[in-house]
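Working notes for the structure below.
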Amino acid sequence: MKILIDNNIIFSYSLFKKIGKVNLINSIDINAKNISGFDALIIKSSTNVNENLLKNSNIKFIGSATSGKDHVDVDWLKKNKINFDFAPGCNSVAVAEYVFSSMLYFAYRDKFSLLKKTVGIVGFGNIGKCLNKKLSAIGVKTILCDPILEEKNNIKLKSLNEIVQNSDIITLHVPLTYSGKYPTWHLINKKILLDLKDNCILINTSRGSVIDNNSLLNILKEGKPIRVVLDVWENEPLICSKLLSLIDIGTPHIAGHSLEGKIKGTISIFNSLCNFVGKKNKKYFISSFIDPYEIEYISMKGRIDQSKIYLLSLLSNNILYDDHELRKNFNKKNCFVNLRNSYRKRREWSSLFIKSNNILFSNLLNKIGFNSKFFKEK
């Protein structure tokens, strides 16, 4: 089997060579000509997979090492009997930590307690559930909106309008869909944006077009007092410089780019291709790829404090650095793509081992994803 793989998929060569002959390729060079002669194509979300790419190819398996699939024409693949799989949930912890860190940043900067705020989570899939668990662990009130889940499980959640009316912070975790009963394209439109509470924090780590970016730009120009975090943008990688200049935090679609999340995505698609070709393989774990010396050990004393959690989060992921890099390099050629492809080795909170002399604080840190151990001072 000949396998063509996006060269930014971490540890892919060492795994996939166990199945067949591997060629690595830059994502910008993935086209109809260059995939000729390959049996399997392993990609990320930067590659659009459709009839134009595949109609003259021999590809029988497409694997996307991503949690989403809106870049893939799944119906066309199914019609043409091309096997497809992706890695839902692989980056859920990373995205949840990015969003949580954003909230902690605003709380630190603007001197408010998250315990006095209501967070509206729109979309209650893998990421929404992970984030909700972390926020609930520290006592933050959350309200949930997911009409598809609501109908499927016959449960009562909130409508989008109720989320808008009652939330101090709104975070979006929906797939991008254009049709069906609940399409999400421009879900956050001009009317919704105008209805947001003053000083509301709006965070989008789902897909850029879930928010009408032009309407967002216009209401910010007009002085609507909201705070905005965008990791995803309409028309990526060609993003709007004016919009970037008006929001609080802007990053180049890297919320899910933790080392752990990337490894999970690679392992997931490797297992899927093994199943497709009928190959038995041993079970791989994140620890198979990360050496123990990469773990950070930290001591922290004293009572539970929101600012301490924020400072700990910075040790794992300083989103202000990512924001700075995007603004600083914005005018450089292929800035957005290059920042994504050369993204730093970011670890999840679980990589931080924290000793605390406060058992309540230690337990709380464990609940939100850190590794903490209580110790008694002598």
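Just so we're aligned: 997 in this note's numbering is position 118 of the sequence shown, and the numbers increase by one with no gaps anywhere.
Just so you know, even glycine gets a beta-carbon here, dropped at the ideal spot from N, CA and C.
Asked, Found
"Determine the direct distance from the alpha carbon of Asn902 to that of Lys995, and round the result to whole angstroms.", "53 Å"
"Just to confirm my understanding: we take Asn1160, look at its own chain, exclude 5 residues before and 5 after, and list those with CB closer than 6 Å. What are they?", "Cys1153"
"Is DSSP giving Ile1027 helix, strand or coil here?", "helix"
"On the premise that Val1089 lies in contact with Asn1083, defined as a C-beta separation below 8 Å, what is that separation, rounded to the nearest angstrom?", "6 Å"
"Does the Cβ-Cβ distance between Thr1130 and Leu1205 come in under 8 Å?", "yes"
"Output needed for Asp1042: all residues of its chain with C-beta closer than 7 Å, excluding positions within five of it in sequence on either side, in chain order.", "At residue 1042 the sequence reads Ile, which differs from the Asp that was named. So the list reads Gly999, Val1001, Ile1022, Cys1024, Ile1049, once near-sequence residues are dropped."
"Which residue's Cα is closest to the Cα of Glu881: Ile938, Ser906, Ala911, Ser891?", "Checking the sequence, you will find Lys at residue 881 rather than Glu. For the residues Ile938, Ser906, Ala911, Ser891, the minimum Cα distance to Lys881 belongs to Ile938."
"Run through DSSP, which three-state label would Asn886 get?", "coil"
"DSSP three-state call for Ser1178: helix, strand or coil?", "strand"
"Using three-state DSSP, classify Thr1145 as helix, strand or coil.", "helix"
"With Val1043 as the anchor, note down where its alpha helix (DSSP H) starts and where it stops.", "1039-1045"
"Starting from Phe1253, follow the beta strand (DSSP E) in both directions and report where the run begins and ends.", "1250-1253"
"How about the segment 1211-1222 and the segment 1162-1170: do they share at least three Cβ pairs that are nearer than 8 Å?", "no"
"Quick check on DSSP: helix, strand or coil for Gly855?", "This structure does not reach residue 855, given that the chain is present from 880 up to 1257, and the question cannot be answered."
"Could you please give the first and the last residue of the uninterrupted alpha helix (DSSP H) stretch that includes Phe1207?", "Position check: residue 1207 holds Lys in this sequence, whereas Phe was assumed. Counting along the chain, the alpha helix (DSSP H) containing Lys1207 begins and ends at 1198-1207."
"Could you check whether Leu1010 and Ala975 sit closer than 8 Å to each other, using their CB atoms as the reference points?", "yes"
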